[in-house]
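For reference, the structure discussed in these notes is given below.
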Amino acid sequence: EPEVTQTPSHQVTQMGQEVILRCVPISNHLYFYWYRQILGQKVEFLVSFYNNEISEKSEIFDDQFSVERPDGSNFTLKIRSTKLEDSAMYFCASSESVSLIYGYTFGSGTRLTVV
Amino acid sequence: KQEVTQIPAALSVPEGENLVLNCSFTDSAIYNLQWFRQDPGKGLTSLLLIQSSQREQTSGRLNASLDKSSGRSTLYIAASQPGDSATYLCAVRPGWAGANSKLTFGKGITLSVRP
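The listed protein sequences correspond, in order, to chains A and B.
Take the first sequence: its position 81, counted from the start at 1, is 354 in this note's numbering, and no numbers get skipped.
Take the second sequence: its position 17, counted from the start at 1, is 284 in this note's numbering, and no numbers get skipped.
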């Protein structure tokens, strides 16, 4: 069964450093998303991406965050200057079409720890 | 603003028991509802997706029902096994299913099935 692949599975970074989280969505999917889950809290939406541009972003997704689909297969989330409160599990997801008959497929996540 | 609630937060049952996990949402104008399983420190595995026009979906020992008008969904697990131990999350998608329609998650129910 097709999968959404995320790398790395775990990243530790110093406060103030830039991190790039990588995702390879399912190949025929057109809609891409980033969600995050702070330990013990709900999974929350960050950003959606379609047709090479951001469709919607949450209030969490401030100027420190950016997304990119650099080469037609990878989908990346960049955090420019990490803060302690950015420590969370970050999930990439993709969906096939706007009809959403098949729902989302999520990756296994990247656990980001900011020290 | 859509709110999704899952109560209780945790549940412990003996092996073999049939059980029901509840999910409620405040805005009944949803496009679909998706149940996910999350193992500790891992990603989100989609279990069942119910479109707003459907009343239930079944997969193996799992059955999910949807009562959109009352803002409720239940996930029924038959003959529970220790391997079912995980956190179960429900998530709803708003009624306007455009590219930028995002999932709103509940906090999840952590299920422990005792041998």
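C-beta: ideal position from N, C-alpha, C; glycine also.
No experiment lies behind these values; they were computed from the predicted model shown.
Problem - Same chain only: Cβ atoms within 6 Å of Phe334 of chain A, ignoring 5 sequence neighbours per side - result: Cβ-Cβ distances below 6 Å link Phe334 of chain A to Leu319 and Val320 in the same chain, with the five nearest sequence neighbours on each side left out; the list follows chain order.
Problem - Beta carbon proximity, Ser381 of chain A to chain B, threshold 8 Å - result: Cβ-Cβ to chain B under 8 Å: yes for Ser381 of chain A.
Practice task
Would you mind working out which of A:Asp359, A:Val340 and A:Lys351 sits nearest Thr386 of chain A, comparing C-alpha positions?
Solution key: For Thr386 of chain A, the closest alpha carbon among the candidates A:Asp359, A:Val340 and A:Lys351 is that of A:Asp359.
Exercise for the section: Taking C-beta pairs closer than 8 Å, name the residues in chain B that Val340 of chain A reaches, listed in chain order. Expected result: Simply none; closest approach about 13 Å.
Exercise for the section: Tell me, please, which residues DSSP counts as bridged to Ala366 of chain A. Expected result: According to DSSP, which records beta bridges pairwise, Ala366 of chain A is partnered with A:Tyr306 and A:Phe379.
Handout entry: Those residues which DSSP pairs with Lys330 of chain A across a bridge
Key = Beta-bridge pairing links Lys330 of chain A to A:Val320.
Handout entry: Selection from B:Leu316, B:Gln301, B:Ile317 and B:Pro349 that minimises the alpha carbon distance to Ser279 of chain B
Key = The option with the nearest alpha carbon to Ser279 of chain B is B:Pro349.
Handout entry: Separation of Ser381 of chain A from Val390 of chain A, as counted between CA atoms
Key = Past the edges of chain A, shown from 274 to 388, lies residue 390 of chain A, and the structure says nothing about it.
Exercise for the section: Kindly indicate which three-state DSSP category Asp306 of chain B falls into: helix, strand or coil? Expected result: Correct three-state label for Asp306 of chain B: coil.
Exercise for the section: Provide the residue span of the beta strand (DSSP E) that contains Pro275 of chain B, from first to last. Expected result: Pro275 of chain B: not part of any beta strand (DSSP E); DSSP gives it neither H nor E.
Practice task
Report the neighbours of Lys374 of chain B on chain A: residues whose CB is nearer than 7 Å to its CB, in chain order.
Solution key: Ordered by position in chain A, the residues that pass the 7 Å Cβ test against Lys374 of chain B are Lys315.
Practice task
Report the rounded CA-to-CA distance for Glu284 of chain B versus Lys369 of chain B, giving the unit in angstroms.
Solution key: In this model, Glu284 of chain B and Lys369 of chain B are separated by some 34 Å (Cα to Cα).
Handout entry: Span of the beta strand (DSSP E) around Arg295 of chain A
Key = Looking at the DSSP string, the run of the beta strand (DSSP E) that includes Arg295 of chain A is Val292 to Val297.
Practice task
Evaluate contact between the segment 329–349 of chain B and the segment 298–316 of chain B, counting only Cβ atoms and requiring at least three cross-stretch pairs below 8 Å.
Solution key: With contact defined as three or more Cβ pairs closer than 8 Å, the segment 329–349 of chain B and the segment 298–316 of chain B are in contact.
Practice task
Can you pull the chain A residues whose beta carbon is under 8 Å from the beta carbon of Gln301 of chain B, in chain order?
Solution key: Chain A residues near Gln301 of chain B: Gly376 and Tyr377.
Problem - Within chain A, the residues that Ser313 of chain B reaches when beta carbons sit closer than 8 Å - result: Contact of Ser313 of chain B with chain A by beta-carbon distance below 8 Å involves Gly376, Tyr377, Thr378 and Phe379.
Exercise for the section: Anything in the segment 315–330 of chain B with a Cβ closer than 8 Å to a Cβ of chain A? List those residues in chain order, please. Expected result: Of all residues in the segment 315–330 of chain B, the ones placed with a Cβ closer than 8 Å to any Cβ belonging to chain A are Leu316 and Gln318, in chain order.
Problem - Coil, strand or helix - Glu284 of chain B by DSSP - result: In the three-state reduction of the DSSP assignment, Glu284 of chain B falls in the coil class, being assigned neither a helical nor a strand state.
Problem - Contacting residues, own chain, Cβ-Cβ under 7 Å from Tyr363 of chain A (five flanking each side not counted) - result: The beta carbon of Tyr363 of chain A sits closer than 7 Å to those of Leu294, Trp307, Arg309, Leu350, Gly382, Thr383 and Leu385, all from its chain and outside the five residues before and after it, given in chain order.
Practice task
With Asp334 of chain B as the anchor, note down where its beta strand (DSSP E) starts and where it stops.
Solution key: Note, Asp334 of chain B: beta strand (DSSP E), Leu329 to Asp334.
Exercise for the section: Take Arg353 of chain A and list the residues in its own chain whose beta-carbon comes closer than 6 Å to its own, dropping the five residues that flank it on each side. Expected result: Close CB contacts of Arg353 of chain A within its chain, under the 6 Å cut and outside five residues either way in sequence, are with Glu291 and Gln337 (chain order).
Practice task
Examine chain A for any beta-carbon lying closer than 8 Å to the beta-carbon of Ala366 of chain B, and answer yes or no.
Solution key: Legend: pLDDT at Ala366 of chain B = 48, less than 50; position of this residue unreliable, no value from coordinates given.
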